[in-house]
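The sequence shown begins at 273 in our numbering and counts up by one.
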Amino acid sequence: LFVSIGSASNVNADPLPRASVQIANLDGSNQTTFAYGLRNAVGLDFHPITNDLYTACQERDGLGDDLVPDYFTRMQQNDFYGWPYAYMSSNLTDPRRVLSNGTSERSDLVSITKTPDVLFQAHSAVLEMKFYTGNQFPSR
273 LFVSIGSASN
283 VNADPLPRAS
293 VQIANLDGSN
303 QTTFAYGLRN
313 AVGLDFHPIT
323 NDLYTACQER
333 DGLGDDLVPD
343 YFTRMQQNDF
353 YGWPYAYMSS
363 NLTDPRRVLS
373 NGTSERSDLV
383 SITKTPDVLF
393 QAHSAVLEMK
403 FYTGNQFPSR
């Protein structure tokens with residue numbers, strides 16, 4: 273069973289399992305972290321051919337109308353997506369999570385931040401995603 277657990281806040285560093293996708297048996301036993309640093313992964317689906325797990329994620333607020341983009345991405349085991357220390361890549365740190373010397377509170381996590389596959393306008397609030405497997409549309 274794959275379950276997303278959202279953050280409890282906008283930019284506070286919540287302990288796991290917050291802001292992550294967890295794997296567990298149906299009875300809740302053997303819970304482990306699959307991917308983390310995901311503020312609010314609200315859509316989960318497996319690609320029908322590759323069986324890769326994808327998510328639609330709502331990002332943090334408070335950095336202006338155009339930041340931080342929500343996104344759609346493929347996840348792999350142990351991937352980290354930046355929340356709350358970085359966003360979109362290891363090059364963009366959240367200014368609210370920076371020390372007085374200008375470095376991130378968690379440069380170890382910032383350095384492994386994955387770049388999402390598809391970015392959406394900030395605050396789009398993508399709630400779900402599905403892979404189309406029908407044949408209604410003509411082939412290319």
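Beta carbons are placed, not taken as given, at the ideal position from N, Cα and C, and that holds for glycine. A quick note: this is a predicted structure, and the numbers were derived from the prediction, not measured.
To the nearest angstrom, how far is it from the Cα of Asn284 to the Cα of Leu310?
Translated into the one-based positions of the sequence shown, residue 284 becomes position 12. Translated into the one-based positions of the sequence shown, residue 310 becomes position 38. About 13 Å.
Between Arg368, Ala397 and Ser383, which has its C-alpha nearest Ser362's C-alpha?
Taking the first residue of the sequence shown as position 1, residue 362 is located at position 90. The option with the nearest alpha carbon to Ser362 is Ser383.
Same chain, Cβ closer than 6 Å to Ala416, neighbours up to 5 away in sequence not counted
With the chain running from 273 to 412 in the structure shown, residue 416 is simply not present.
Given Asp389 as reference, the closest of Leu325, Ile321, Asn297 and Tyr357 once Cα atoms are compared:
As a first step, residue 389 is located in the sequence shown; it is residue number 117 there, counting from the start. If we check each option's Cα against that of Asp389, Leu325 comes out closest.
In the structure shown, what three-state DSSP assignment does Ser281 receive?
Position 9 of the sequence shown, counted from the first residue, corresponds to residue 281. Note: Ser281 maps to coil in three-state DSSP.
Is the CB-CB distance between Glu400 and Ala313 below 8 Å?
Reading the sequence shown from its first residue, position 128 is the one you call residue 400. Reading the sequence shown from its first residue, position 41 is the one you call residue 313. No, they are not a contact pair.
Going by CA-CA distance only, name the one from Pro367, Leu298, Gly300 and Thr305 that's closest to Gly278.
One-based indexing of the sequence shown puts residue 278 at position 6. The shortest Cα separation from Gly278 among Pro367, Leu298, Gly300 and Thr305 belongs to Thr305.
What are the partner residues of Asn363, as DSSP defines its beta bridges?
Here the question's residue 363 lines up with position 91 in the sequence shown. The partner list for Asn363 (beta bridge, DSSP) is empty, contrary to what the question assumes.
Limits of the alpha helix (DSSP H) - the one that Ser379 falls within:
Position 107 of the sequence shown, counting from 1, holds the residue named residue 379. Start and end: Ser379 to Val382.
Span separating the alpha-carbon of Val398 from that of Phe318
The residue given as residue 398 occupies position 126 in the sequence shown. The residue given as residue 318 occupies position 46 in the sequence shown. Near 17 Å, if we compare the C-alpha coordinates of Phe318 and Val398.
Could you check the C-alpha separation between Pro320 and Thr405 for me, to the nearest Å?
Here residue 320 is taken as the residue at index 48 of the sequence shown, counted from 1. Here residue 405 is taken as the residue at index 133 of the sequence shown, counted from 1. Roughly 8 Å separates the two Cα atoms.
Please list the segments of the beta strand (DSSP E) lying wholly inside the region 315 to 352, counting only runs of 3 or more residues, in order along the chain.
325 to 330 and 342 to 347
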